[in-house]
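In UniProt numbering, the protein residues as written are 1 to 195. Notes follow once the structure below has been shown.
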């Protein structure tokens, strides 16, 4: 993602390769004026640092040392830079570590010291059955239809009589195969059958 001010700064350099590469990225509207754009570092800082927090959870990749120094004070901003053609993600900043520790402690103590939980227990008459829904017990399941043997049809006596009558009326046609004679079999007089 790239901001409008960064694109404007690239247009001023007239580096066609960098401009074409930047056009492939998604653009982020920074709401700075086109006539008087901010420097790329100021623009990125204003987009990421919204009232002291990384509201949109951006990851910043920049070679600008001053910008990275400023963004280390904002909690929750991962920073990436290149060092000798190797992409490096910076370790957790002190501001991010403090913020994560505070949120973990709040989550930990919230369940123990939350006054709303005591109110819920008192209003529920201490039974707690209202909040817990009963789980429906499932009965036995049917067997797998593919593994079950098919049932045999039970014929009634009237059906058997009809079947016997049908078979007696219609005889099965026997299929007779014609045997080809082997032409290379020697006949008793010493010649082959084809001669």
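Positions of the beta carbon are idealized from the N, C-alpha and C atoms, including for glycine. Since this is a predicted model, take the numbers as computed values, not measurements.
With respect to the beta strand (DSSP E) encompassing residue 50, which residues constitute its N-terminal and C-terminal limits?
Where residue 50 is concerned, there is no enclosing beta strand (DSSP E), given that its DSSP letter is neither H nor E.
Got a sec? Which residues, its chain only, sit under 8 Å from residue 89 by beta carbon, not counting five neighbours each side?
Counting only Cβ-Cβ distances below 8 Å, and skipping sequence neighbours, we find 78, 79, 80.
Rounded to whole angstroms, what is the Cα-Cα separation between residue 149 and residue 143?
Going by the C-alpha atoms only, they are around 11 Å apart.
Would the C-beta of residue 153 count as close to the ligand ZN, meaning under 6 Å from any of its heavy atoms?
Within the structure as shown, the ligand ZN is missing, as the structure has no ligands at all.
Applying the criterion that 16 or more other CB atoms from any shown protein chain within 10 Å of the CB defines a buried residue, is residue 3 buried or exposed?
Label assigned to residue 3: buried.
Below 8 Å on the Cβ atoms is my guess for residue 75 versus residue 46; work out the distance and round it to an integer in Å.
Not really, about 17 Å apart at Cβ, beyond 8 Å.
So, with DSSP's three-state summary, where would you put residue 103?
Of the three classes helix, strand and coil, the one that applies to residue 103 here is helix, per DSSP.
Can you find the residues in the same chain that come closer than 8 Å, C-beta to C-beta, to residue 22, ignoring five residues on each side of it along the sequence?
Within the same chain, residue 22 has close Cβ partners 2, 6, 7, 10.
Helix or strand or just coil, what does DSSP make of residue 92?
Three-state DSSP puts residue 92 in coil, outside helix and strand.
How many Å lie between residue 69 and residue 55 at the Cα?
For residue 69 and residue 55, the distance between alpha carbons rounds to 19 Å.
Please classify residue 44 as buried or exposed, where buried requires at least 16 other C-beta atoms within 10 Å of its C-beta.
Burial call: buried.
Look at the alpha carbon of residue 141 and the alpha carbon of residue 147, and state the distance between them as a whole number of angstroms.
Cα to Cα, the separation comes out at about 14 Å.
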